[in-house]
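In my numbering, the protein residues as written are 51 to 339.
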Amino acid sequence: MKDKEIERPPAMKVRQGIQDAMTYSLPDKTFSENNIDLVEIDIEIKDLGWDFNNFKILNLTDIHLGQWINPEYLDELIDYVNTLNIDLITLTGDYFSYNLEDYDESLEKSLKKLKAKYGKFGVLGNHDHWMSAEKIRNIFKKSGVIDLSNDVFTLKKGENYLNICGVDSYTVCADNLDKVISKLPKNIPSILLAHEPDFAKESSQTGLFDLQISGHSHGGQLIIPKFETTPFRGPNSTKYPVGLYKVGDMIQYTSKGLGTNSFRIRINCKPEITIITLKTNKKRKIKIE
Ligand SMILES: [Fe+2]
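Next up, the structure:
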């Protein structure tokens, strides 16, 4: 889809001005791993080959660079991520909010630094389309991020395979699940990256994906203690706004994301880095001599 076909929210210039005023009117946000919620979850995947057992995927989402999160913060965060010894990195969209021009070089520099043994893969969010999908895809290219917008990449580890798939942003109607399915090698476990969590309603119905990883909601920027959910649910994150869900046979995971949109408020809802460790349900066959 061409950028000009995307329906943008009104008054983009005003939104950009408000963003800048808010960002510069408060002291700089500084990165500290103590202020990050490092969420580590194990997810059992049916028929996952033993070579992928304990495979670690780290997801970053909703950076919203330039709106509260400054380039130095992101750079330090990436340095921290690089210490975590990860197999694969996934990025689930909204790299910017309303200002790309002042931050595109910083994003490229930071993404370029990200290291993972089996590569880094990304999809776009609604804000990325409102800014410029073309420019963000170009940043991906220059920083070694594989663009999974309506695409599939099949990983091989030892004798086993795993599909890493992605759909483009559902909010701006750039998603094309049929295209993903047409490229999908069958009978291989598959993980889907989708910016908007409520896309799980559609993707789960195919019966082709074991896990969908999303962001978009920011956890509502407020999580009610004990209930561990949020009353603030924007479009396309009303059903699965935060954490783990079972949708049909598929597991949905929604991250609280790193950045914030509009106000610099996160109540009981720290910025999140997610590490998903894949586990097989297969029994290991041991030969008795
Ligand atoms: Fe979003």
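Even glycine gets a Cβ: it sits at the ideal position worked out from N, Cα and C.
Heavy atom of ligand 1 within 7 Å of residue i beta-carbon
i: histidine 266; result: yes
i: asparagine 176; result: yes
i: histidine 245; result: yes
i: glycine 143; result: yes
Per-residue DSSP class, three states only, for residue i
i: alanine 71; result: helix
i: glutamine 302; result: strand
i: phenylalanine 102; result: helix
i: lysine 52; result: Interpretation of lysine 52 is limited by its pLDDT of 43, a score under 50 that renders its predicted location unreliable; the figure taken from the coordinates is listed afterwards. Note: lysine 52 maps to coil in three-state DSSP.
i: tyrosine 211; result: strand
i: valine 173; result: coil
i: lysine 206; result: strand
i: glutamate 339; result: coil
i: lysine 296; result: strand
i: glycine 269; result: helix
i: glutamate 90; result: strand
i: glutamine 66; result: helix
i: aspartate 197; result: strand
i: asparagine 109; result: strand
The alpha helix (DSSP H) enclosing residue i, as first and last residue numbers
i: aspartate 154; result: 154-163
i: isoleucine 128; result: 121-131
i: glutamate 184; result: 183-193
i: histidine 251; result: Here residue 251 turns out to be lysine, not histidine, going by the sequence shown. 250-255 is the extent of the alpha helix (DSSP H) around lysine 251.
Spatial neighbours of residue i in its chain, beta-carbon cut-off 7 Å, leaving aside the 5 residues before and after
i: glutamate 126; result: Phe81
i: methionine 51; result: Note that methionine 51 scores 45 on pLDDT, short of 50, meaning its location in the model is unreliable; the coordinates nonetheless yield the value given after this. Contacts found: Ala224.
i: tyrosine 168; result: Asp137, Leu138, Leu205
i: histidine 179; result: Ile56, Ser219, Val222, Ala224
i: aspartate 53; result: The predicted model places aspartate 53 with a pLDDT of 47, which falls under 50 and marks its position as unreliable, so this point remains unresolved.
i: lysine 229; result: Asn200
i: phenylalanine 190; result: Gly172, Asp197
i: glycine 257; result: Asp299
Residue range of the beta strand (DSSP E) that includes residue i
i: lysine 329; result: 322-330
i: leucine 227; result: Looking at the DSSP string, leucine 227 is not in any beta strand (DSSP E); the run it does join, the alpha helix (DSSP H), is 227-233.
i: threonine 140; result: 138-141
i: alanine 244; result: 240-244
i: serine 348; result: Because the chain here runs from 51 to 339, residue 348 falls outside it and cannot be looked at.
i: leucine 261; result: 261-264
Same chain, Cβ closer than 6 Å to residue i, neighbours up to 5 away in sequence not counted
i: tyrosine 303; result: Ile263, Leu294
i: isoleucine 238; result: Tyr211, Asn213
i: asparagine 226; result: Asn200
i: proline 321; result: Ile86, Leu308
i: glycine 208; result: Asp101
i: valine 195; result: Leu161, Lys170, Gly172
i: isoleucine 317; result: Leu272
i: lysine 233; result: Val202
i: threonine 111; result: Thr142, Gly265, Ser305, Gly307
Cβ-based neighbour list, residue i, same chain, cut-off 8 Å, excluding 5 preceding and 5 following
i: lysine 334; result: The sequence given here has arginine at residue 334, not lysine. Trp100.
i: aspartate 248; result: Tyr220, Asn286, Ser287, Thr288, Lys289, Tyr290
CB contact below 8 Å: residue i versus chain C
i: lysine 296; result: Of the protein chains in this structure there is only one, and it is not chain C.
>> Contact between the segment 141-157 and the segment 91-105 is defined here as three or more beta-carbon pairs at a separation below 8 Å; is this criterion met?
In response: Contact fails: fewer than three Cβ-Cβ distances are below 8 Å.
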